[in-house]
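Chains as they are written, first to last, in our numbering: chain A, 1 to 225; chain B, 226 to 449; chain C, 450 to 691; chain D, 692 to 842.
As structure tokens, the structure follows; a few thoughts come after it.
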Amino acid sequence: MNFFNVIRWIVWKDLVTELRSRETISSMVFFALIVILIFSFSFSMDQQAAREVIAGIIWVAFAFTGIIGLGKSFSAELQNDCIEALQMVPESKGAIYLGKVAANFLFIFVVEILLFPMFVIFFNLDVVEEISLLLLIFFLATLGLSAVGTLFSALTVQIRAREVMLPILLLPMVVPVMIAAVEATKGALNGDPLPMYSQWLELLAIFDVIFTVVSFWMFEFVMDN
Amino acid sequence: MTAIACQAISKSYGHYEVLHDISLTIQEGECFSLFGPNGAGKTTLLKILATLQRPSEGRYEILGLDGLKEKETIRANMMFLAHGAYLYDDLNAKENLAFALALRGQTPTDRDMKLALDRVGIGAFAEMKIRNYSAGMKKRLALAKAMLAKPKVLLLDEPFTALDTAGTEIMREYIRERLSENGAVLMSTHDHDKARPITSRAGMLNQGMLKEISLEALKSDELF
Amino acid sequence: MIIHRVIRKVQRFQGWFGGGAALCIIAGLYIGLIGSPPDYYQGEVVRIMYVHVPLAHTSLFAYIVLSIGSMWYLWKRDPIVDNMCHAVAAIGAIFTTLALATGMIWGKPTWNTWWTWDARLTSYTIMLMILIGYLMLRTFIDDSEKEARYAAVLAILGLVDLPIIHFSVEWWRTLHQPQSISMRGVSISSGILIPLMCMSIGMSLLFSYMLMVRTQLLYLDRLLHAKKGRLMSQFHMSKTDP
Amino acid sequence: MGSKNKKIGIIVSLALVGGALAYLALGNFGENLVYFFTPSEVKAFDSGYYQKKVRVGGMVVEGSMEAYADRLGMTFELTDGEATIPVTFEGIPPDLFKEGQGAVVEGFWTGQHKFQSNLIMAKHSEDYMPIELKRAGVELPRKDFMKSLIQ
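Here it is, written out as structure tokens:
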């Protein structure tokens, strides 16, 4: 079926161009490293104090880094007006949406995996036991971020002041993701028993489902007149 | 059969009306050339017919399909060679062709792609990244894409810019081939010398208004 | 189209809405600030409620109107519905800001805090941010059809988001007191209820009046632009035509 | 997308969103997402909650308020009708903080089963009535505070 072919080709194209240019991931990683360094300069903390705020710091860094990647996702389509070719695809625009979400999710998730050891080193975290749980939290929250972010990336890239408008529109929408991700990460880093914060994971999953579906249908109106 | 029919199309951006009350009919096997000074609204009209923009007023049909409702079927049978070549800088020529056609639901074989690239004269650069291509080579690659797609309706925005004499001849030959297979072509250009040999009808777009002109008038330079 | 007929019918009574709003708000303010007794627990501070509660209700209503209008626009693509959405977003942003400000002034003497990230406060703040983003977005697009489409998408996403935000902060048991008038009955005595009702009706009428005037304004503005563009291009045409 | 595939898409979407919403509404996990805990819940806290900043809401027990003689602050008791916990508070309480009224306090539940707080927020109910009526003993149809505590 062509619908799934389009998804596959979009993911293939984004991965191949990224592997050849390495623009998105390298700029994301270096940006995030700077954010981490600035945070660790501005709070010189002992381990106990770090526990209270580290979850927030992690997600602020990941959200800003994610916005860089999401912005690049569609601004790359502006070269040679490629976005018009995507608009003229004789197929539901949802296929392009799903392909882009998959690629964006992959980029942001890879960057998070690369960066997390930096947090562990700079803030002296002890994470060995909770690592699989943390990965699950990262997975769910990143999915939510890219589900909404891909839609807004496609929307803002077609207007003026696009670099400013992407965070202005996106961040208020992902407030639930940020709250739930911070609370769950805090719980996992504290070593709390899972039932104390499992509802945040459930909330993340529910957000992912609802927003992927709604953005899937709304993408049609963003890419097509 | 009518390939393109638009009725009373208007388009405005904020204070400015770019297109005013455009009506135009193009039959299958016809090549309509659209002339006009810069900023006359040629590209806007093409983008509306390419289903990229919605007109502020009016409606249009392509191959008898409503342009506001049956966009997906129209797109499958139409190709728009725009000012931007729709190519990715980090992919090579073959990958660009494969990707663009896959989005249209077509899967050309490696041999087909090689043939098309040879035909437009860039077969030797098939494995080279587009980033290093010149503007004329990009235009030729876009033409190769259209050759593989074989659309019933072809929209061309300034098809001869950046092309050398040989490239212009390849482009014209391709347009003749589409016309002989009962396709319809609408192109915007300001180069009447290059366009005249293939034009069946012509129109002048000025300040958003369209006026049809005779082929004889094309030959005299008064209009331009 | 039916919406045009409805608008034309309702607009005949526009003056009644404005007059009614003025009457109700003047009466409500007089009874509320001078005529009504202080509350047994909060004392004089309770009078802020006469402004805060109607503002909060109206701004929530404004967002509901905005999201229904946005869905309608995406469905029917009727430009006047988009004018209505644009109008309601601007008015809604003003009402939401005022509701938050009066809420803070009420919160300090009663709760002992200007602000807390309680469910209702958080969702109202995000609602204001979405409305401001909505109004900003509209200024950055030249093509009015695209502007209407994108704005509608943003409003619908906000509609889905706001309940989840409300939920993700706290589900129940919040610092904010529950609604006084609900299915379970009325828990306000009549001396306080009368000015509150007066103000609520007045504020809703004021909102409707502002909405009508502003929708009309945006609609006429659009017609004017179209006319102007047409005249300009005809003028140029007559100059260049041999 | 053909109209048949579109139909499948709509059905799948509705099923997914419907399922998520149903889980949200019917699942009981909302119970844990509270702005404040009740005294009964605080009493049942295990050691995982010690030294964590939490908020507790309840009624201030009549006659339990005792101000410190030497410094700012006081002790009082907070109840939800079933359990009662002792609270120590340092600072200046709000004007509306009175015995027999609702309050939300922020602080730590210590291992010695005392609540240490440094922020009191007065919670008022959704009941409004003039002071004369209250003095005359008129009661509103429902009990004042508890209904806004447990909806």
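Think of the CB as a built atom: it goes at the ideal place given N, C-alpha and C, for glycine as much as any other residue.
Residue i in three-state terms, based on DSSP
i	result
B:Glu242	strand
B:Tyr358	coil
C:Asp488	strand
C:Gln665	helix
C:Phe616	helix
C:Thr562	coil
A:Phe139	helix
A:Val209	helix
A:Gln199	helix
D:Asp835	Low per-residue confidence applies at D:Asp835: pLDDT is 43, beneath 50, and the placement is therefore not dependable, though the value from the model is reported in the following sentence. Residue state, collapsed to three classes: coil.
C:Gln683	helix
D:Phe799	strand
D:Leu763	coil
C:Gly464	helix
CA-to-CA distance, residue j to residue i, given in whole angstroms
i	j	result
C:Ile650	C:Ala505	13 Å
C:Ile451	C:Arg598	21 Å
A:Glu84	B:Tyr311	7 Å
D:Gly748	D:Pro785	15 Å
C:Met681	B:Glu383	27 Å
D:Ser694	A:Ser92	11 Å
A:Ala55	A:Gly187	9 Å
D:Lys834	C:Trp465	A caution first: D:Lys834 carries a pLDDT of 44, below 50, which makes its placement in the model too unreliable to give a value.
A:Asn124	A:Phe43	13 Å
B:Lys444	B:Gly254	22 Å
C:Val500	D:Val745	33 Å
D:Phe736	D:Ala774	13 Å
C:Lys595	C:Thr565	38 Å
B:Phe305	B:Ala275	6 Å
C:Leu509	C:Ala548	10 Å
C:Val502	D:Val795	22 Å
B:Gly264	C:Asp592	16 Å
B:Ala349	B:Arg300	31 Å
B:Ile395	A:Leu166	43 Å
B:Gly346	A:Phe219	39 Å
8 Å contact criterion, which residue i and residue j should meet: CB distance rounded
i	j	result
A:Ala63	A:Met223	Not a contact, Cβ separation roughly 25 Å.
D:Leu787	D:His804	About 28 Å separates the two Cβ atoms, so there is no contact after all.
B:Leu379	B:Gly408	6 Å
B:Met372	B:Arg401	Between B:Arg401 and B:Met372 the Cβ distance is about 13 Å, and since that is not below 8 Å, they are no contact.
A:Ile36	A:Phe152	About 25 Å separates the two Cβ atoms, so there is no contact after all.
B:Lys364	B:Leu388	6 Å
A:Ala103	A:Val11	5 Å
A:Leu155	C:Val602	7 Å
B:Lys319	B:Met303	So it is not a contact: roughly 24 Å between Cβ atoms.
B:Leu259	B:Lys267	5 Å
C:Gly468	A:Leu169	The pair is not a contact, with the Cβ atoms about 39 Å apart (cut-off 8 Å).
D:Val778	D:Ser738	In fact, because the Cβ distance is near 20 Å, the residues do not count as touching under 8 Å.
A:Trp59	A:Ala181	5 Å
With 16 other Cβ atoms within 10 Å as the buried cut-off, status of residue i
i	result
C:Leu645	buried
C:Tyr479	exposed
A:Asp14	buried
D:Gln742	exposed
D:Gly791	exposed
C:Val459	exposed
D:Tyr759	exposed
C:Ile497	buried
D:Ile702	exposed
D:Trp800	buried
B:Asn357	exposed
C:Lys557	exposed
C:Leu673	exposed
D:Leu840	Any reading at D:Leu840 is ruled out, since the residue's pLDDT is 47, under 50, leaving its predicted position unreliable.
Review point. Of all the beta strand (DSSP E) runs that stay within the bounds of the stretch 371 to 421 of chain B, which reach a length of 3 or more residues?
Key: Counting only runs of 3+ residues, the beta strand (DSSP E) found wholly inside the stretch 371 to 421 of chain B occupies 378 to 382 and 409 to 413, in chain order.
Practice item. Select from the stretch 234 to 245 of chain B all residues with a C-beta closer than 8 Å to any C-beta belonging to chain G, and list them in chain order. Key: Of the chains in the structure shown, none is chain G; the protein chains are A, B, C and D.
Exercise for review: Taking only runs that begin and end inside the stretch 263 to 304 of chain B, name each unbroken beta strand (DSSP E) of 3 or more residues, in chain order.
Suggested key: With a minimum length of 3 residues, the continuous beta strand (DSSP E) runs that stay inside the stretch 263 to 304 of chain B are 282 to 287.
Exercise for review: Return the chain-ordered ranges of every alpha helix (DSSP H) run that is complete within the stretch 29 to 90 of chain A and spans a minimum of 4 residues.
Suggested key: Runs found: 47 to 75 and 82 to 87.
Check your understanding: Can you list the alpha helix (DSSP H) stretches of 4 or more residues lying completely in the stretch 90 to 124 of chain A, in chain order?
Key -> Here the runs fully enclosed are 93 to 122.
Practice item. Could you name each continuous beta strand (DSSP E) segment of 3 residues or more that falls completely within the stretch 302 to 349 of chain B, going from the start of the chain to the end? Key: Runs of the beta strand (DSSP E) inside the stretch 302 to 349 of chain B: 303 to 306.
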